[in-house]
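Structure record follows, encoded as structure tokens.
Numbering (my numbering), first residue to last: 76 to 292.
So this is what it looks like as structure tokens:
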């Protein structure tokens, strides 16, 4: 093992130990009660806050509780429910077409397989990984803007990891499989509330002693 990979392994061990102590429970902040609702919420959350999504989904879920119900709606109708999120026109189309495909190809059941999930309109690799991880407890690492930023700042990934997929692969290499679903939320929540894009709260962060970003600033 090279010195740099030994150092990286030590960094991961310290980071994991910190989060295990600081955030023993780490879960999605999206409100949902079944896999279909989570899929809808994750599609809506793209480039939008979970807080905003949670404000609009109760009525949407009440009126369209299943893929079957949503498949019969028109995008213009769904738009009225979700118009306060980012890109509501696109998302309304995605939701209706996603529900229709779920009905036609998957009997209304949200699949657990990455290849099948990414076939659904509005579902990219990140969304599919969230569903695999949160619903099915699979070792899937969804890399959103928070995970991408925090991983680079701490030094969990190298500067060569310039894409979400590269970050995902490196995190998967060093984080034990059993805690990957939780580690995904650790990094998201840390990025959302401590290691923000602007004005990160370094003075409140227990990772600052070995954080690459903190050493430079």
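Built from N, CA and C at the ideal position, the CB exists for glycine as well.
CA nearest to the CA of residue i, picked from the options
i: residue 256; options: 167, 210 and 155; result: 210
i: residue 91; options: 290, 114, 250 and 225; result: 250
i: residue 164; options: 179, 124, 142 and 118; result: 118
i: residue 259; options: 212, 115, 158 and 171; result: 212
i: residue 226; options: 285, 173, 202 and 199; result: 285
i: residue 252; options: 173, 287 and 214; result: 214
i: residue 199; options: 121, 181, 275 and 85; result: 121
i: residue 261; options: 217, 148 and 126; result: 217
Terminal residues of the alpha helix (DSSP H) in which residue i lies
i: residue 191; result: 189 to 192
i: residue 292; result: First-last for residue 292: undefined, no H or E at that position.
i: residue 275; result: Segment: none, residue 275 is in no alpha helix (DSSP H) and carries neither H nor E.
i: residue 148; result: Residue 148 -> no alpha helix (DSSP H), and no H or E assigned at all.
Helix, strand or coil at residue i according to DSSP, with G and I counted as helix
i: residue 162; result: coil
i: residue 284; result: helix
i: residue 155; result: helix
i: residue 195; result: coil
i: residue 171; result: helix
is_contact[residue i, chain B] using C-beta, thresh 8 Å
i: residue 87; result: Of the chains in the structure shown, none is chain B; there is only one protein chain.
Enumerated in chain order, which unbroken segments of the alpha helix (DSSP H) with a length of 4 residues or greater are wholly contained in the region 197 to 253? For the region 197 to 253, the full-length alpha helix (DSSP H) segments reaching 4 residues or more read 200 to 211, 220 to 229 and 239 to 249 along the chain.
Which ranges does the alpha helix (DSSP H) cover as unbroken runs of at least 4 residues, wholly within the region 84 to 141, from first to last along the chain? 110 to 120 and 125 to 138
Touch test, the region 239 to 249 against the region 136 to 154, Cβ-Cβ under 8 Å, three pairs minimum: no
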